[in-house]
Structures are given as structure tokens and as C-alpha cells.
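Here it is in C-alpha cells:
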């Protein structure tokens, strides 16, 4: 019997705002950590650069392992009493709220290596518990291309607003408390913890999920149940099966190119300002805050560009702008320009324009990955994609930041020193330039093969509706070519006629 698609629940302005506000946690915490945790550990806690990088790496690896398990559980949580009562995604969001102050205890100065390792790991696990179900909700609440694009746009606007706060707040607190006060970072952690709890509460109150009956109708016989054992067994199955979706592989390459380049830049930038440009932490805070303001504007421009043009083209323009900003910054340093010069605002503006768009575009395209997967598997696996996204992202981010710390240590960086050697300064500059631009180039190359846009998504959704009605032939040769390009599978192998999801299902007659 043909399935009838249920009527879409209307998305109101407050649903968009509640959804977007949660990225104060998603992006805000990462902006604080990537911009300040290495400087906090090395300058205020007495840790070596390699120790700080090791903490970051261990926490991210453990989180990367936990993330796909959480994603798998959230896909299946609806079968449990808690899932039926609170929602298979939203249960995790509700449970994480009282644990979010774990962010603040990361920033207590004067502790030892093991304290910082344990507190960082704790926050990373709480972060994954909340953010992975959150990342599924745009696909759950929105059905069409424009609605999902609006969800991504509002989310990234809130992300940039929280990044602005993460950029300026340390400088403001330093002015109030003194440049040598470690309480700067503790107060910042307390403030952000409060914001995280408020926005997570708003998200739970004003979000929803797909009807349980609709999700159950897409579950094939033999699919694993929501047990921890099934989640662990599904870890590698989900990981490798999502990689068999062509659009997701390309999306992941663009996402990592845009975000890892920023990880490298953020990890090295404060050190570059303080030691290469002869500035202060307050100077670095001001420059970062200004860059994030530019990024906020760039997101609004990128929303229109991605809707009117293609996400791939918008991505390429953004990567070129960010790379140009980095190269101009290094060129100015090489010619003797130092902190306080007005010329620094040129590379900050160029980098901010590129970074803002690079933050938005991958999350806009991510919201359509479960749709491409659905035409391949006949199932809805938003949680699996969110878990795998976090898994790969955290592993690569850990490698990027650990790499920065290790290279700085090898280059002669001395912990707690007010002045660094010329060798150490040149090492920081090389990391900032080669590391950032090299990753951007890789992302741009991947983007040339990515063809998902508003027009191709409309064709994709129309073909999914045809499968739900029991039709097994494409609407046209053009439609067939589009879905085969997005999915990476021949048309006859779509709608479960393949082993991608771990359970092979044959299409019904």
C-alpha cells in the first residue's frame, strides 16, 4: 500500500529562534575552547604546550568514539519508554541541561594535568550528549529546501553572535581583573554555562520530531534495537555506511576543509598576535571579536548566495577570501607591521568574510544529507549522520590542535615566557599560514564535485515521493542522473535494494 506523506507542521519564527539559539552551545563553546584553551593551559596553568595538546587530543578521541553511539541510540530511542515520553532526540537534550555547568569547572586555574584532562573529557561528553540530537532536529522539523536553509542560517547567526562574545569577553574581563588574573577565564566559563542551560531549555520547549508512526514505518525488519550493545556494534556500521553516500562524502570534505582550517588558525592566532605582532591577549581578543562581527555579516550574505547560487560556488568564494586574509596578515608581519596598526583590519575583514560563509555553508548542506540517505536506504538516519559528523570532526580537530601544539613545542616554544625565540615565532607563522591555507585548498578541490542545490534537492524529494507511492521507475533520464550523482548508486539499487544501512531490504512490488 502506498505511503502518504504526512502534512508538515508549520515552523514559526520562535521555532527558528529557539533552534538557532542552541548553537550558543554548539559553536560558542568551541569558539572559546579553540581560541583560548591552549593559552589558558600554557600561560596560566603551567602546562607544557604538548601537555595541553594531549588533553585536547584525549578528550576529543573519547568524544569521537561516544558520538556515533549517541547518534545510534537517538535513532532508536523512540522504542523505549523514555523516548516515547520525552522524544527520541529531545530526551538527550533535556538530560544534558543540568550537566552543562561542567564547562565552567574547566577554567579553574592552579590545578594539575589530571584535573584539566578529566574536566575537559567530562564537558566533551556532555557536549556530545546534547549537540548530536540537536543536529538532527532541522531535518526532523523541516521538510523543504528553503526551510532547512533557514534553520541553518539562524543557527549560524547565533553561532557567530556567541563567537563575538567569546572573542571580546576575555579582553573585557582582563581590563576589569588585570592581565595576569586567571579568574578571567573562570568568569567567562560561568557566564557561558548559564547561556548554555537557557538555550538548551528553549530548544527543548520549542522543537519537535517526526511522528513516531512515520519513523516506525520506515524501519525494516531485522534492524537493531536501541540497546547499548547494538549502539556499539552499529558504530562502525554507521561510520562506513554513511561514507557510501556520495553527497555525504563530498559534504564532509567541504565541512572539514572549512572548519579544520579555522581550528588551525584559531589555535595559532593568539600566539601569533602576542609574540609575532608584539601585542597582548587583550589585542588578540579585540581582533578576534572584530573578526567574528564580520563573520556575522558574512553569514547573512552567504544565506542569500547559497539560496540564489550553488552552495559549492559560495564555498569556493568564501575559501578564497579566508586564504587571502591569512596571506595578507603574514605579508604585513613580514614587512614590519605590528599590533596597533590600522592595516591589520584588512586581513581581519577578509578572513572574517570567508570564515562566516564557511561556517554556514556546510551546515546548510548537512540538513539535506538524511534526504539523500533516505533514497538509498528507505530509512531516516539523522542520528547516524550527526554521530558520524561529530566522530570525524572531533578526531580531525583533535589532530589539528594537537599538531599545532606539537609543532610549536618542536619549534622551541617556551611555556609561560613573555618573549619567544625567533625560531618559535617563525614556527607559529608557518603553522598559521601553511596549515590554514593548505586545508582550505583541499576543501575547495572537493567542492568542485558537489552538485546538491535547490533544484537538485527538489528532484531528489520528488523521486523519494515516487518510491513511497510504490513507483520504481525514474520520472525522467535527467532525474535519474541527478539522484545517481547525489547518492553514488544506480537507480535500480536505491530504496533499500542495497546493503548500505546494514540491513538489506528489497523494494516492494
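Residue numbers (this note's numbering): 58 to 566.
Idealized CB from N, CA, C, for every residue including glycine.
Using 7 Å as the threshold, is the C-beta distance between residue i and residue j below it?
i           : j           : result
residue 325 : residue 494 : no
residue 19  : residue 159 : This structure does not reach residue 19, given that the chain is present from 58 up to 566, and the question cannot be answered.
residue 22  : residue 496 : No answer is possible for residue 22: it lies beyond the span of the chain, which begins at 58 and ends at 566.
residue 81  : residue 347 : no
residue 84  : residue 219 : yes
residue 140 : residue 149 : no
residue 440 : residue 144 : no
residue 20  : residue 371 : Residue 20 is absent from the model: the chain starts at 58 and stops at 566.
residue 217 : residue 349 : yes
residue 453 : residue 313 : yes
residue 315 : residue 490 : no
residue 332 : residue 482 : yes
residue 571 : residue 268 : The displayed coordinates of the chain run from 58 to 566. Any statement about residue 571 would go beyond what the structure contains.
residue 336 : residue 396 : yes
residue 254 : residue 157 : yes
residue 466 : residue 233 : no
residue 192 : residue 443 : yes
Look up residue i in the DSSP assignment and say whether it is helix, strand or coil.
i           : result
residue 532 : coil
residue 73  : helix
residue 205 : helix
residue 562 : Per-residue confidence for residue 562 stands at a pLDDT of 46, beneath the threshold of 50, marking its modelled position as unreliable; the derived number appears in the next sentence. Here residue 562 sits in coil by DSSP.
residue 392 : coil
residue 557 : coil
residue 177 : helix
residue 361 : helix
residue 407 : helix
residue 60  : Reliability of the predicted coordinates at residue 60 is poor, the pLDDT of 45 falling under 50, and the value obtained from them is presented with this limitation in mind. Residue state, collapsed to three classes: coil.
residue 104 : coil
residue 183 : helix
residue 84  : coil
residue 425 : coil
residue 306 : helix
residue 89  : helix
residue 416 : helix
residue 171 : helix
residue 381 : helix
residue 116 : helix
residue 216 : helix
residue 398 : coil
residue 547 : coil
residue 433 : helix
residue 552 : coil
residue 68  : coil
Buried or exposed: residue i, going by 16 or more other Cβ atoms within 10 Å of its Cβ?
i           : result
residue 378 : buried
residue 71  : exposed
residue 436 : buried
residue 565 : In this predicted model, residue 565 has a pLDDT of only 37, less than 50, meaning its place in the structure is not dependable enough to derive any value.
residue 533 : exposed
residue 97  : buried
residue 185 : buried
residue 438 : buried
residue 430 : buried
residue 320 : buried
residue 327 : buried
residue 448 : buried
residue 228 : buried
residue 418 : buried
residue 398 : exposed
residue 67  : exposed
residue 94  : buried
residue 212 : buried
residue 120 : buried
residue 388 : exposed
residue 297 : exposed
residue 498 : exposed
residue 480 : exposed
residue 153 : buried
Between residue i and the ligand GTP, is the CB less than 6 Å from at least one heavy atom?
i           : result
residue 344 : Among the components of this structure there are no ligands whatsoever, and the ligand GTP is therefore not found.
| query | At a cut of 8 Å, does the region 191-202 reach the region 421-430 through at least three beta carbon pairs? | reply | yes
| said: Quick check: the region 125-134 against the region 243-254, are at least 3 beta-carbon pairs closer than 8 Å? | reply: no
| field | Runs of alpha helix (DSSP H) wholly within the region 456-523 (minimum 4 residues, chain order) | value | 479-487 and 493-504
| request: Count the C-beta pairs between the region 397-407 and the region 379-388 that are closer than 8 Å, then say yes if the count reaches three, no if not. | output: yes
| request: Taking 8 Å as the threshold, find out whether the region 300-309 comes into contact with the region 358-366 through three or more Cβ pairs. | output: no
| query | Does the region 539-553 come close enough to the region 524-531 to have 3 or more Cβ pairs within less than 8 Å? | reply | yes
| query | Looking at C-beta atoms only, is the number of pairs between the region 91-111 and the region 445-460 that lie closer than 8 Å three or more? | reply | yes
| said: Just to confirm the assignment: which complete alpha helix (DSSP H) runs, minimum length 4, are found wholly within the region 128-160? | reply: 138-143 and 147-153
| query | Unbroken alpha helix (DSSP H) runs of length 4 or more, entirely within the region 310-375: which are they? | reply | 338-365
| field | Minimum length 4: unbroken alpha helix (DSSP H) runs contained in the region 219-267 | value | 240-262
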